[in-house]
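A quick write-up on the structure given underneath.
Protein chains in written order, with my numbering: chain U, 1 to 406; chain F, 1 to 267.
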């Protein structure tokens, strides 16, 4: 069924986006939009964010060519944009610093966030500590168990972590709980939404704070290779690192933009988070987009080895890029992503986040398709420290098992 | 705008106004604890004195609802509730003698097809739909379907609403305006608070539609208090809890208490 999603209104990407939230939140969304628009052209704000990028996050992040890994991509040149080297270990800090500065500008003393893998929660707890804000992070109970280390990190940083026990107890339920908190406390609280979805202006604002990834990477690739890449590849959960790296390339028609969703056990099994092959048009968490849903419109729970991609919906701008064909979306199964995780670790000495390993699995396939002359730019959105336990279990490296990775 | 026949819900509100009292609107989710159980509960609250029934549609991601309604809707979904059951419940309410509005999160209506949902609701005798996560700015397709099928679109206003937002919301409403009493989600509260009277007064300044207050009302005294300044008192979580703890007879008794409350308001 192809549903019409509604009228072109505020904050649309084609048919997608909008503000599907309780009326009670509209004033806060309008205030946020006004403040962030002013901030983006205010030299003081831009200068402060730039200073934090350079002296706190460690930007610009470097570009690393990975020739030994590239042997598994049919010899194509593979360049990694190293967001994993940012302070806190992923791209998430780019958005969080921007939003935390906006929270201060709006006079809010408390920030809340949802988190799946814990990376966004850690980044938010970090920014809150840096700027002296109270911080509460909502995290599905299932995720607090599979990402226990990040729960401890957030608490060490002074944040309160609340394990969400309703629904599927994963990221989508953490978003619900954060939205409930926000409605009740909107006077003094800013909701630091962690990805490019939610009601407008979040999808656009979060994209703009991550846009620096693609701006840097495009110049770095030109500098290193002397031409644009043939493809830019990124994993897509909500889709913030992907929008961040894609955006500067949107007008470069020769550059393929490839998003890799979590294929879980395989799209055919129904246990996955591949919204563009297994989902349909719908509304979730404030945005018209693609959603995993049943015939009644009830959300279907997603599945992935990667907590950060385990989400039944996706940012609305991705839905627009999908329908217009400007970007293409594929999926990598748990097994394919873990194989890419193993290969990058063994060939290059880089442990990727399992989320980012999905992009690497995509690069292995694209290399086969495009051949040895191709240049592939891959967003290495996060590092794998948080995933050591999951990966060790996957590869049987715990307990009495003396064997190495297969 | 073309003139349309007032809905049954609208007429019920007008009748209450004639009597010089606020209406009592009772919310129950369809399918909780079972489909049959929810139909029995609806009949019980109508018998107890509810003027209008608000039939909730259980949704997987009810971001405006607190723990009581969340648990009930999870139970209903686990028991196999489908959107089709909503129309059965609406028809049951109408048959029991109370006009029915549906309260639904937007994706469920979108998925069925906005016009088809409206047609099915009209066929079941429903008066309109309350949409907690749809603002008028996103509602053009729904507003057209509502007009076509003679249904009341009911939007929410909140204590945070600016005068401009109150005008946008009330201009799109028919039947009544749903005023959220506090900033927050559904659930019983110790007191309803001053924000409710304020938002009702500010809403009245921009519309002649009845203004009904929801969120936080759970007992006879609170119903009486809100009935002093509102055209309708909406009770949800307290009824759901009574149904959960004591079955149809308990929820019917609470409805009778609340019905007495709305009659004391301007006594």
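Cβ coordinates follow ideal geometry from the N, Cα and C atoms, glycine included.
CB contact below 8 Å: residue i versus chain F
i, result
"residue 172 (chain U)", "yes"
"residue 16 (chain U)", "no"
"residue 146 (chain U)", "no"
"residue 67 (chain U)", "no"
"residue 194 (chain U)", "no"
"residue 19 (chain U)", "yes"
"residue 79 (chain U)", "no"
"residue 143 (chain U)", "no"
"residue 188 (chain U)", "no"
"residue 299 (chain U)", "yes"
"residue 169 (chain U)", "no"
"residue 180 (chain U)", "yes"
"residue 284 (chain U)", "yes"
"residue 274 (chain U)", "no"
"residue 10 (chain U)", "yes"
Chain U contact for residue i (CB, 8 Å cutoff)
i, result
"residue 219 (chain F)", "no"
"residue 180 (chain F)", "yes"
"residue 101 (chain F)", "no"
"residue 111 (chain F)", "yes"
"residue 237 (chain F)", "no"
"residue 59 (chain F)", "yes"
"residue 234 (chain F)", "no"
"residue 150 (chain F)", "no"
"residue 194 (chain F)", "no"
"residue 222 (chain F)", "no"
"residue 31 (chain F)", "no"
Range covered by the beta strand (DSSP E) that runs through residue i
i, result
"residue 411 (chain U)", "Any answer about residue 411 (chain U) is impossible in this case: the structure gives chain U only from 1 up to 406."
"residue 136 (chain U)", "134-140"
"residue 109 (chain F)", "It is not in any beta strand (DSSP E) - residue 109 (chain F) instead sits in the alpha helix (DSSP H) that spans 106-112."
"residue 211 (chain F)", "211-214"
"residue 100 (chain F)", "100-103"
Closest residue to residue i among the options (Cα-Cα distance)
i, options, result
"residue 171 (chain U)", "U:240, U:312, U:360, U:270", "U:312"
"residue 8 (chain F)", "F:127, F:200, F:156", "F:127"
"residue 144 (chain U)", "U:169, U:223, U:108, U:185", "U:169"
"residue 61 (chain U)", "U:283, U:373, U:382, U:103", "U:382"
"residue 96 (chain U)", "U:82, U:84, U:85, U:112", "U:112"
"residue 52 (chain F)", "F:6, F:118, F:263, F:94", "F:94"
"residue 204 (chain U)", "U:249, U:330, U:17", "U:17"
"residue 182 (chain F)", "U:325, U:354, U:278, U:25", "U:25"
"residue 301 (chain U)", "U:353, U:109, U:274, U:356", "U:274"
"residue 150 (chain F)", "F:142, F:262, F:194", "F:142"
"residue 152 (chain F)", "F:178, F:188, F:195", "F:178"
"residue 390 (chain U)", "U:207, U:80, U:360, U:353", "U:353"
"residue 89 (chain F)", "F:39, F:61, F:119", "F:39"
Alpha carbon of residue i to alpha carbon of residue j, nearest angstrom
i, j, result
"residue 146 (chain F)", "residue 101 (chain F)", "12 Å"
"residue 341 (chain U)", "residue 171 (chain F)", "56 Å"
"residue 380 (chain U)", "residue 176 (chain U)", "28 Å"
"residue 202 (chain U)", "residue 153 (chain U)", "26 Å"
"residue 77 (chain F)", "residue 58 (chain F)", "7 Å"
"residue 224 (chain F)", "residue 74 (chain F)", "31 Å"
"residue 195 (chain U)", "residue 351 (chain U)", "23 Å"
"residue 257 (chain U)", "residue 246 (chain U)", "7 Å"
"residue 373 (chain U)", "residue 317 (chain U)", "31 Å"
"residue 324 (chain U)", "residue 13 (chain U)", "11 Å"
"residue 188 (chain F)", "residue 212 (chain U)", "46 Å"
"residue 62 (chain F)", "residue 71 (chain U)", "48 Å"
"residue 403 (chain U)", "residue 348 (chain U)", "Annotation note: pLDDT 49 at residue 403 (chain U) (below 50); position unreliable, no value reported."
Range covered by the alpha helix (DSSP H) that runs through residue i
i, result
"residue 194 (chain U)", "Per DSSP, residue 194 (chain U) belongs to no alpha helix (DSSP H) and is neither H nor E."
"residue 309 (chain U)", "Segment: none, residue 309 (chain U) is in no alpha helix (DSSP H) and carries neither H nor E."
"residue 183 (chain F)", "Where residue 183 (chain F) is concerned, there is no enclosing alpha helix (DSSP H), given that its DSSP letter is neither H nor E."
"residue 96 (chain U)", "92-105"
"residue 210 (chain U)", "202-210"
"residue 23 (chain F)", "Not the alpha helix (DSSP H): residue 23 (chain F) falls in the beta strand (DSSP E), residues 23-29."
"residue 350 (chain U)", "No alpha helix (DSSP H) holds residue 350 (chain U); DSSP gives it neither H nor E."
"residue 48 (chain F)", "35-48"
"residue 153 (chain U)", "148-156"
"residue 11 (chain F)", "8-18"
"residue 263 (chain F)", "237-264"
Near-chain U residues of the region 157-172 of chain F (beta-carbon distance less than 7 Å), N- to C-terminal order: Of all residues in the region 157-172 of chain F, 157, 158, 160, 161, 162, 165, 169 have a Cβ within less than 7 Å of some Cβ in chain U.
Proximal residues, the region 347-381 of chain U versus chain F, C-beta separation under 8 Å: Of all residues in the region 347-381 of chain U, none has a C-beta nearer than 8 Å to a C-beta of chain F.
Chain-ordered residues of the region 92-126 of chain U with a beta carbon less than 9 Å from chain F: Within the region 92-126 of chain U, no residue qualifies.
Within 9 Å of chain U by C-beta, residues of the region 253-267 of chain F in sequence order: Residues of the region 253-267 of chain F whose Cβ lies closer than 9 Å to any Cβ of chain U: none.
Where the region 75-88 of chain F meets chain U: residues whose CB sits under 7 Å from a CB there: Within the region 75-88 of chain F, the qualifying residues are 77, 82, 83.
Residues within the region 136-150 of chain F neighbouring chain U, beta-carbon criterion of under 8 Å: Result list: 137, 138, 139, 140, 141.
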